[in-house]
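All remarks here apply to the structure that follows.
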Amino acid sequence: MNAPRHLSDKTRKKLADDARLLRAWKKFHREEREAVLGSPHATTLAELFRMFANIECVRPAQLVGFIGAIHWSAIDYATRLTVLHELNTAITKVREKRGLEPIDDALPSNPDTPFRTIKAIVFSSSPPNKGAHRGEARPE
209 MNAPRHLSDK TRKKLADDAR LLRAWKKFHR EEREAVLGSP HATTLAELFR
259 MFANIECVRP AQLVGFIGAI HWSAIDYATR LTVLHELNTA ITKVREKRGL
309 EPIDDALPSN PDTPFRTIKA IVFSSSPPNK GAHRGEARPE
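In this note's numbering, each number is its position in the sequence shown, counted from 1, plus 208.
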């Protein structure tokens, strides 16, 4: 990365640091995706990731239906997080390509977006732990 000469050393260092962190973040998610595609659920999730890659050609109802047919309680929480991240990335890219805001959740009086519907399906079968939720005390 060649920073313009008029930037201060501090600014150039910050830009270089930000670029390094972004590369590390992308590498982490790439490794997480590869781990999911090497898991026992690889066949189903590879098909789902293909749908994400071609999301402009997939109707929201098709995606929700496919995801609803997956037995999510058999899939670990970390894998579910990776699936949700991949979906979020795919939707965000399409929205930005169309000149829309990257994220646009529905107002409380409107129906949920396909993303929120899918998130509810993926995480409905079990929470990540049995700890406190929204202010509840943890059982001892």
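C-beta atoms are modelled at their ideal positions from N, C-alpha and C, and glycine is treated no differently.
Predicted, not measured: the structure shown is a model, and the values here were computed from it.
Could you spell out the range, first to last residue, of the alpha helix (DSSP H) harbouring residue i?
i: Ala254; result: Ala250 to Ala261
i: Pro268; result: Pro268 to Gly276
i: Thr321; result: No alpha helix (DSSP H) contains Thr321, which DSSP labels as neither H nor E.
So what does DSSP say about residue i, is it helix, strand or coil?
i: Asn296; result: helix
i: His214; result: coil
i: Asn337; result: Below a pLDDT of 50, predicted positions are generally treated as unreliable, and Asn337, at 49, falls in that range; no measurement from the model is reported.
i: His237; result: helix
i: Leu289; result: helix
Let me check understanding here. Comparing Cα to Cα, which of the options lies closest to residue i?
i: Ala286; options: Glu242, Thr219 and Arg231; result: Glu242
i: Glu349; options: Ser317, Asn262, Leu315 and Pro316; result: Nothing in the structure corresponds to residue 349, since the chain is present only between 209 and 348.
i: His237; options: Leu292, Ala328 and Phe323; result: Leu292
Our contact map puts residue i next to residue j with C-beta atoms below 8 Å; I'd like the distance itself, whole angstroms only.
i: Thr321; j: Asp313; result: 6 Å
i: Ala298; j: Phe260; result: 4 Å
i: Leu245; j: Ala232; result: Actually they are not in contact, since the Cβ atoms of Leu245 and Ala232 sit about 21 Å apart, beyond 8 Å.
i: Phe257; j: Asn296; result: That belief does not hold up - the Cβ atoms of Phe257 and Asn296 are roughly 13 Å apart, past 8 Å.
When you measure from the CB of residue i to every non-hydrogen atom of the ligand ADP, does any distance come out below 6 Å?
i: Leu256; result: Within the structure as shown, the ligand ADP is missing, as the structure has no ligands at all.
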